[in-house]
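Visitor: Numbering (my numbering), first residue to last: -9 to 101.
The beta carbon of each residue, even a glycine, is placed where N, CA and C say it ideally should be.
Note that this is a predicted model, so its numbers are computed, not measured.
First the structure, which I've put down as C-alpha cells, then a few questions once you've had a look.
Rendered as C-alpha cells:
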C-alpha cells in the first residue's frame, strides 16, 4: 500500500511533456522519411506535418501545408489510384487548405 502511494505521488509531481507536433519541429519530424520508408509511412508523415502547418494558420504555413498535401496526394494516387477513398480524403484536405488560403488573402487585402 505504501509503495502504491509513493508511485501515485511521483506521477502527480512529474510533469508530462507535450506530444503535440509544432511547426518548428517539422524538419526533424520529416527527416524520418528515408529510402527505406514505405509509401504509406511517407504519406502518413507528410499528412501529419501538413495538418500541423495548416493549424498554425498563417499564409506561409498554409502554402507549405498545401505543398506537403500535394506530395502526399501524388504518392497516394500512384499507390492506390485516384478514386480510392484515402486519395479523395487528401484531395479534400487540399481543397480545405486552399479555401482558408483564399480567406486569409482576402482578409489581408481588406486591411
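Please state the DSSP three-state secondary structure of residue 11.
Guide: Mapped onto the chain shown, residue 11 falls at position 21. Three-state result, residue 11: coil.
Visitor: Please state if the CB of residue 36 and the CB of residue 61 are separated by a distance shorter than 7 Å.
Guide: For the purposes of this step, residue 61 is taken as residue 71 along the chain shown, with counting starting at 1. For the purposes of this step, residue 36 is taken as residue 46 along the chain shown, with counting starting at 1. Yes; because the gap between Cβ atoms is below 7 Å, this pair is in contact.
Visitor: Whose CA, out of 27, 10, 31, 56, lies closest to the CA of residue 91?
Guide: One-based indexing of the chain shown puts residue 91 at position 101. Answer by Cα proximity: 56.
Visitor: Residue 18 lies in the alpha helix (DSSP H); which residues open and close that run?
Guide: Residue mapping note: residue 18 aligns to position 28 of the chain shown, counting from 1. Counting along the chain, the alpha helix (DSSP H) containing residue 18 begins and ends at 16 to 20.
Visitor: Alpha helix (DSSP H) containing residue 80: first to last residue?
Guide: Residue mapping note: residue 80 aligns to position 90 of the chain shown, counting from 1. Segment 75 to 100, the alpha helix (DSSP H) holding residue 80.
Visitor: DSSP three-state call for residue 61: helix, strand or coil?
Guide: Walking along the chain shown from the start, residue 61 turns up at place 71. Three-state result, residue 61: helix.
Visitor: Specify the secondary structure class of residue 70 as computed by DSSP and reduced to three states.
Guide: Position 80 of the chain shown, counting from 1, holds the residue named residue 70. In the structure shown, residue 70 sits in a helix (DSSP, three-state: H, G or I).
Visitor: Give every residue of the same chain whose Cβ lies closer than 6 Å to the Cβ of residue 16, excluding the five residues on either side of it in the sequence, and list them in chain order.
Guide: Reading the chain shown from its first residue, position 26 is the one you call residue 16. Closer than 6 Å at Cβ, skipping near neighbours: 39.
Visitor: Using 7 Å as the limit for Cβ to Cβ distance, is residue 19 near chain D?
Guide: Among the chains in the structure shown there is no chain D, since it carries only a single protein chain.
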